[in-house]
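Letter 41 of the sequence shown, counting from 1, is numbered 40 in numbering that gives the first Met the number 0, and no numbers are missing.
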Amino acid sequence: MPIRVRLNVVLAVRNVKSKDLAEYVGITEANLSLLKQGKVKGIRFDTLERICDYLDCQPGDLLRFERVSE
Numbered sequence: 000m001p002i003r004v005r006l007n008v009v010l011a012v013r014n015v016k017s018k019d020l021a022e023y024v025g026i027t028e029a030n031l032s033l034l035k036q037g038k039v040k041g042i043r044f045d046t047l048e049r050i051c052d053y054l055d056c057q058p059g060d061l062l063r064f065e066r067v068s069e
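The structure is reproduced here in structure tokens:
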């Protein structure tokens, strides 16, 4: 998948616990874990907005496009 989720990196840099973020965003820790692992097919904009609000970041800080060479 060419889109990489960097949520783990941002959480570590900001020293934020997944539990606290999940509670603020209003999702389960299990769903947040799946998101951190990149095992989701999509994310709702309102969820992304709340994550960015809590972490004081931009969506581009959480998601990266990586070209796949053929």
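Glycine included, C-beta positions come from ideal geometry on N, C-alpha and C. Quick caveat: nothing in here was measured; it's all calculated off a predicted structure.
Comparing C-alpha positions only, which one of K38, Q36, L31 sits nearest to L47? Numbered from its first residue, the sequence shown carries residue 47 at position 48. L47 has its Cα closest to that of L31, out of K38, Q36, L31.
When the Cα of L34 is compared with those of P1, S68, L61, which residue comes out closest? The sequence position of residue 34 within the sequence shown is 35, counting from 1. Per the Cα distances, L61.
By the three-class DSSP mapping on this structure, what secondary structure does R5 have? Translated into positions along the sequence shown, residue 5 becomes position 6. Coil at R5, not helix or strand.
When S68, V67, K18, R13 are compared against L54, the one with the closest alpha-carbon: Along the sequence shown, read from residue 1 onward, the residue named residue 54 stands at position 55. Residue R13 is the option with its Cα nearest to L54.
Quick one: what's got a C-beta closer than 8 Å to A21's C-beta in the same chain, skipping five residues either side? The residue labelled residue 21 in the question sits at position 22 within the sequence shown. Contacts found: T27, E28, N30, L31.
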